[in-house]
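The opening residue of the sequence shown carries number 4 in the numbering used here; numbering runs sequentially from there.
Okay, structure first, notes after.
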Amino acid sequence: MQASTTPSKTDTTPKPVVSRRLDRLFLSLSDVASFVGQFFKEVFVPPYEGKEIVRQCYEVGVRSLPLISLTGFITGIVFTNQSRPSLATFGATSWLPSLISIALVRALAPLVTALIASGRVGSNIGAELGSMRVTEQIEAMEVSGTNPFKFLVVTRVIATTFMIPVLAMFFVFLGVLGSYVNVAQNEKTSFMSFIETFFSSITFLDINSTVVKALIFGFTIGMVGCYKGYNSSKGTEGVGKAANASVVTSMFLVFIEELLFLQIINAIRAS
């Protein structure tokens with residue numbers, strides 16, 4: 004009796020170059036680099052979506068003003084209250100405006116604004132583009148002859164890049180106002196004296212570095228939100244994951260960029 008032979012199944016799964024996790028990581032980094040490269044390619048090529056850029060600037064900037072205003076005003080009051088006991092120990096409460104100016108302009112304004120924008124703007128972009136991908140609206144735009152990447156991604160990244168610095172400066176203004184209310188109530192300092200002391204402690208390097216940091220933070224928030232939303236999948240579950248990943252990733256990158264930028268600015272000051 005002849006034994007029947009069955010053909011053995013061959014494993015067609017490609018072998019990992021390093022390991023499966025590292026291979027996936029390098030592929031993801033390659034996709035991100037390609038996505039960022041496509042942005043810089045599309046942003047300088049006409050046609051320019053001017054109306055959509057203005058609309059996105061309104062969504063990112065104007066609609067974030069109430070939250071930024073409240074946060075900035077409260078931050079100024081709270082930071083002043085927390086700093087007063089330490090300075091009072093050395094009889095240096097007159098340094099409060101200087102301390103507030105350094106804290107707000109150098110660190111708090113761009114960082115807190117970026118974190119707020121990550122939660123509000125980044126999640127909104129990720130969820131919006133993710134839902135468009137799931138419902139095949141992006142594919143429909145391609146069929147109709149519209150460049151979805153330029154219309155959806157480029158406009159949102161431009162809006163976040165330029166509106167986050169504006170919001171950061173507005174945060175400084177409201178933080179100064181909140182700090183002055185607290186200082187005037189406790190130390191009876193005049194407004195002109197407070198403003199003079201405030202601006203005497205900061206330099207053009209501080210202001211320029213804050214603007215540049217906010218530009219980088221805004222670009223990161225917009226790019227992360229667009230990337231996660233534009234490449235989402237798995238139906239409605241993917242939309243939620245895209246929104247959540249946009250917030251977590253953008254916040255993580257903002258902290259990393261803040262750390263790197265701090266080292267660069269400190270090196271410039273020391274030189």
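Beta carbons: idealized from backbone N, C-alpha and C, even for Gly.
Exercise. What does a CB cutoff of less than 8 Å around ILE56 pick up in its chain, not counting 5 residues either side in sequence?
Worked result: THR158, ILE161, ALA162
Problem set entry | Straight-line Cα distance separating GLY40 from PHE47 | 12 Å
For this session: Could you check if PRO113 is buried or exposed, using at least 16 other CB atoms within 10 Å of its CB as the buried criterion?
Result: buried
Exercise. Which residue's Cα is closest to the Cα of VAL257: LYS244, LYS231, LEU265, PHE220?
Worked result: PHE220
For this session: Return yes when at least one heavy atom of the ligand GDP lies under 7 Å from the C-beta of ALA273, else no.
Result: No copy of the ligand GDP occurs in the structure displayed, which carries no ligand at all.
Exercise. If you count every other CB in all the chains shown that lies within 10 Å of the CB of ALA171, and 16 or more means buried, which is it?
Worked result: buried
Exercise. Taking the Cβ atom as the reference point for each residue, do TYR230 and VAL35 lie within a distance shorter than 8 Å?
Worked result: yes
For this session: Spatial neighbours of SER204 within its chain, please: CB distance less than 7 Å, with the 5 preceding and 5 following residues excluded, ordered by chain position.
Result: SER101, SER104, ILE105
For this session: For TRP98, I'd like the list of residues in its chain whose CB is within less than 7 Å of its CB, leaving aside the five on either flank, ordered along the chain.
Result: LEU90
Exercise. What's the call for ARG58, buried or exposed, on a 16-neighbour Cβ count within 10 Å?
Worked result: exposed
Exercise. Whole alpha helix (DSSP H) runs in the region 82-118 with 4 or more residues, listed along the chain?
Worked result: 99-106
For this session: Below 8 Å on the Cβ atoms is my guess for LEU177 versus GLY79; work out the distance and round it to an integer in Å.
Result: 7 Å
For this session: Pick helix, strand or coil for TYR233, following the three-state DSSP scheme.
Result: helix
Exercise. Buried or exposed: THR206, going by 16 or more other Cβ atoms within 10 Å of its Cβ?
Worked result: exposed
Exercise. Taking Cβ positions, are ILE71 and ILE119 nearer each other than 8 Å?
Worked result: yes
Exercise. For LYS153, which of GLU45, ILE267, SER196, ASN211 has the nearest alpha-carbon?
Worked result: GLU45
For this session: State the DSSP-derived secondary structure class of LYS216, mapped to helix, strand or coil.
Result: helix
Exercise. Since VAL63 contacts MET166 with CB under 8 Å, what's their CB separation in whole angstroms?
Worked result: 4 Å
Exercise. Apart from the five residues just before and just after SER193, which ones in its own chain have a Cβ nearer than 7 Å to its Cβ?
Worked result: none
Problem set entry | For PRO49, three-class secondary structure by DSSP | coil
For this session: Check whether the Cβ atoms of VAL124 and SER67 lie closer than 8 Å to each other.
Result: yes
Exercise. Just how far apart, CA to CA, sit SER11 and THR138?
Worked result: With a pLDDT of 49 at SER11, under the threshold of 50, the modelled position of that residue is not reliable, and no figure is offered here.
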